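Residue numbers (the numbering used here): 290 to 468.
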């Protein structure tokens, strides 16, 4: 159940993925920045291509204990950042059944990483502008959408009022059909 998961750090997503696939995976296709990053990099034209070290290289080896059973993933529009990356890799690997609503993040290409803080003095609106472009190593079309569910389940007002989790119920029903 990844609903309302705003991500976190990529190495956590990579670690989880290592337990769900039994061959090596290259997590990133390319990471670049429009400003000189602190990380190891190579300048190519107007951008800096990031050459990471350690877990940030995105080279994933299978864990000792790989789960080879069916994976049912519940998601919604608040699945962004590392959660959307993870969902994108599972889709690319055909490794899960997706239930719920479209994931919020683009699984192919997005901005993130180091950000520039912005504080507008007259309106007091604050925010950040991401300075890095991350391209995931997936064979998915960049159609401007997140991963779409195999089983779209949108909770109704009635579901909320009676405390019914329609998406979870769909997952349980699908699991029970497999037995």
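From the three backbone atoms N, C-alpha and C, an ideal C-beta is built for every residue, glycine too.
Note that the coordinates shown come from a computational prediction; the quantities given were computed from them, not determined experimentally.
Which one or two residues does DSSP pair with residue 440 in a beta bridge?
-> 388
Tell me which same chain residues have a C-beta within less than 6 Å of the C-beta of residue 392, skipping the five on either side of it?
-> 364, 368, 373, 376, 435, 436
Taking residue 399 as the reference, give the member of 444, 414, 459, 432 with the closest Cα.
-> 432
Note down, in chain order, each residue of its chain lying with its Cβ closer than 7 Å to the Cβ of residue 407, except the 5 sequence neighbours on either side.
-> 415, 416, 417, 418
Among all the DSSP beta bridges, which residues are the ones paired with residue 401?
-> 421
Opening and closing residue of the alpha helix (DSSP H) in which residue 499 lies | Outside the displayed span of the chain (290 to 468) sits residue 499, for which this structure offers no information.
Is DSSP giving residue 435 helix, strand or coil here?
-> coil
Using DSSP with H/G/I as helix, E/B as strand and the rest coil, what is residue 323?
-> coil
In angstroms with no decimal places, state the Cα-to-Cα distance between residue 468 and residue 313.
-> 30 Å
Three or more C-beta pairs below 8 Å linking the region 376-385 and the region 304-311 | yes
Limits of the unbroken beta strand (DSSP E) element including residue 449 | First-last for residue 449: 446-450, but that is the alpha helix (DSSP H), not the beta strand (DSSP E).
CA nearest to the CA of residue 371, picked from 355, 347, 329, 333 = 347
Is the Cβ-Cβ distance between residue 316 and residue 388 less than 8 Å?
-> no
Taking residue 379 as the reference, which of 405, 344, 403, 425 has the closest Cα?
-> 425
Nearest to residue 355 by CA position, among 306, 462, 323, is which residue?
-> 306
Rounded C-alpha distance that separates residue 457 from residue 357 = 21 Å
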